[in-house]
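Have a look at the structure below before the remarks.
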Amino acid sequence: MFFFFPVRDEYGVKRFPVIVTLIIFINCIIFFAFGFSSRYEDIILKYGFIPQNFSLKNLITSMFLHGGISHLGFNMWYLWLFGDNIEDRWGKIKFLIFYLFSGIFASILYSELIPKKFMNIPTIGASGAISGVLGAYAILFPKSRITLKYLIIILGIRWGEFEIYSYIWLFLWFFIQGLYTLFVSLFSLQSQVAYAAHFGGFLFGIIVGLGTKLYREAKYRENIKLGQNMLLNLLGKKEEKFYTLEEIDEIEKIKNRIESLIYEDRLTATTIYKNYINKYPDLCLSEKNQYEIADCLERQNEKHIALITYRNFILNYPFSKLADNALFAFGKICFETGDYEKAKQAFLQIILFYPYSDVYEESKYYLEKKLPEVFIKN
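With our numbering, the residue at position 111 of the sequence shown is 437, and numbering never jumps.
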């Protein structure tokens with residue numbers, strides 16, 4: 327026997343999850359108010375979703391009923407663990423609409439996939455809606471590391487914890503729900519768990535997650551193009567330098583040496599870059615490594631060289647997912663070195679053209695709080 331349970335994820339949130347908390351509160355209040363009543367079965371028959379008696383009202387009310395403490399506890403924990411990130415990304419109203427529609431879609435698909443002889447059995451629980459949250463999370467935060475506790479009872483007892491990328495664990499979970507859904511449908515097996523609702527909710531979450539991700543990507547590129555002139559005013563145009571064959575050969579050797587060293591000895595790799603940046607001021611590595619070198623130089627307090635390195639990164643990789651972070655770091659260094667006008671332009675660039683950025687709020691803070699304080703003192 328083995329048991330796995332998620333205990334935390336990697337990403338924090340900037341805003342308190344009001345809707346997630348409200349949903350959990352309502353579910354708990356309803357269960358503890360009615361769940362131990364002798365009339366609870368009648369409440370389930372009245373407000374649970376019965377596929378053969380389709381009711382839009384019951385599609386929604388069934389999401390707020392649970393069959394026991396463990397059913398409620400597991401559902402609410404999963405909602406708290408993963409729902410806060412989705413609410414933080416989309417906002418309160420959009421998240422609430424998504425949550426409700428995930429549950430509705432899950433129940434409708436469930437009614438289409440189960441054997442006909444089970445169409446008169448009421449279904450309850452938030453699992454379908456929460457499965458939608460899991461599907462969206464797998465798409466929007468695929469590289470988030472999830473910490474799982476495990477308990478294995480095979481010739482003894484073993485327990486501990488391990489980390490796994492969210493997309494690996496969640497898509498494996500989705501695959502298992504799909505298998506159970508198939509078995510129930512093909513062999514008319516009765517189950518106390520609505521696997522088809524889990525499958526349907528997760529599928530809905532994937533679709534919505536992909537749609538919003540593609541839309542966000544399109545807007546991201548559109549915004550960057552709109553802000554290109556302002557960016558060039560801030561950073562200057564990318565210089566067209568002509569090198570001799572010997573210099574080109576040397577540049578390639580420098581790049582290869584840094585790239586081979588950066589994960590084994592980042593300090594040495596950074597030193598090599600620093601030694602050659604004056605000779606080749608447009609020196610730029612691969613996307614991730616260029617950002618790593620810039621970040622390392624900033625941590626070493628090599629502010630002037632870090633500015634050049636971040637500048638090269640932004641000019642060479644304007645569509646990178648790290649471009650807004652690089653621009654923020656550029657602005658922060660300008661602020662710290664007293665170039666307040668450039669700092670202002672960098673933070674303003676983020677506010678205007680990177681509205682979905684993780685550093686949006688910090689940029690806003692610099693523009694509205696820190697820069698005005700400096701100008702007042704001056």
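Think of the CB as a built atom: it goes at the ideal place given N, C-alpha and C, for glycine as much as any other residue.
DSSP beta-bridge partners for residue i?
{"i": "K475", "result": "F331, E487"}
{"i": "T449", "result": "F375"}
Quick check on the DSSP output: the alpha helix (DSSP H) that includes residue i runs from which residue to which?
{"i": "E578", "result": "571-587"}
{"i": "F427", "result": "418-439"}
{"i": "C622", "result": "613-625"}
{"i": "F380", "result": "Careful: F380 lies outside any alpha helix (DSSP H) and carries neither H nor E."}
{"i": "E713", "result": "Nothing in the structure corresponds to residue 713, since the chain is present only between 327 and 704."}
{"i": "R637", "result": "629-642"}
{"i": "K726", "result": "A question about residue 726 goes unanswered here, because the residues of the chain that appear run from 327 up to 704."}
{"i": "G504", "result": "492-513"}
{"i": "V344", "result": "344-360"}
Specify the secondary structure class of residue i as computed by DSSP and reduced to three states.
{"i": "T663", "result": "coil"}
{"i": "K670", "result": "helix"}
{"i": "K647", "result": "coil"}
{"i": "E543", "result": "helix"}
{"i": "G527", "result": "helix"}
{"i": "N604", "result": "coil"}
{"i": "G394", "result": "coil"}
{"i": "I480", "result": "coil"}
{"i": "G537", "result": "helix"}
{"i": "L609", "result": "coil"}
{"i": "P681", "result": "coil"}
{"i": "P698", "result": "helix"}
{"i": "A520", "result": "coil"}
{"i": "S457", "result": "helix"}
{"i": "E548", "result": "helix"}
{"i": "D414", "result": "helix"}
{"i": "G338", "result": "coil"}
{"i": "R592", "result": "helix"}
{"i": "S364", "result": "coil"}
{"i": "K469", "result": "coil"}
{"i": "F444", "result": "helix"}
{"i": "F568", "result": "coil"}
Going by CA-CA distance only, name the one from the options that's closest to residue i.
{"i": "G429", "options": "P448, L385, I490", "result": "L385"}
{"i": "N651", "options": "L426, F679, I584, Y666", "result": "F679"}
{"i": "M445", "options": "L697, A452, L435, L477", "result": "L435"}
{"i": "D414", "options": "P332, L558, V510, L466", "result": "L466"}
{"i": "I577", "options": "L611, S364, I502", "result": "L611"}
{"i": "I472", "options": "F408, E438, I440, G482", "result": "F408"}
{"i": "H392", "options": "F513, L477, A520", "result": "A520"}
{"i": "K443", "options": "F390, S381, I502, S511", "result": "S511"}
{"i": "N615", "options": "L552, A595, P343, E566", "result": "A595"}
{"i": "D684", "options": "Y337, V333, A359", "result": "Y337"}
{"i": "V344", "options": "G417, R365, R547", "result": "G417"}
{"i": "F380", "options": "P448, E548, I356, D410", "result": "P448"}
{"i": "L398", "options": "Y463, I456, L474, G482", "result": "I456"}
{"i": "L426", "options": "Y682, M389, P441", "result": "M389"}
{"i": "N582", "options": "Y599, T570, S433", "result": "Y599"}
{"i": "P644", "options": "I580, K564, F357", "result": "K564"}
{"i": "E699", "options": "G664, Y682, V459", "result": "G664"}
{"i": "S433", "options": "F421, L477, P377, I478", "result": "P377"}
Does residue i have its Cβ less than 8 angstroms from a Cβ in chain C?
{"i": "S683", "result": "Protein chains in the displayed structure number just one, and chain C is not present."}
Exercise. Per the contact definition of three or more C-beta pairs closer than 8 angstroms, is the region 346-353 in contact with the region 400-412?
Worked result: Yes, they touch.
Exercise. Between the region 493-509 and the region 518-529, are three or more C-beta pairs nearer than 8 angstroms?
Worked result: Short answer: they touch.
For this session: Decide if the region 662-672 is in contact with the region 688-700; the criterion is three or more beta carbon pairs, one per stretch, under 8 angstroms apart.
Result: The region 662-672, when compared against the region 688-700, does touch it at the 8 angstroms Cβ threshold.
For this session: Count the C-beta pairs between the region 484-499 and the region 550-562 that are closer than 8 angstroms, then say yes if the count reaches three, no if not.
Result: Under the 8 angstroms Cβ criterion, the region 484-499 does not count as touching the region 550-562, having fewer than three qualifying pairs.
For this session: Determine contact between the region 630-639 and the region 597-614, defined as no fewer than three beta-carbon pairs at a distance below 8 angstroms.
Result: Verdict: yes, contact present.
Exercise. Three or more beta-carbon pairs under 8 angstroms between the region 529-541 and the region 616-624, yes or no?
Worked result: The region 529-541, when compared against the region 616-624, does not touch it at the 8 angstroms Cβ threshold.
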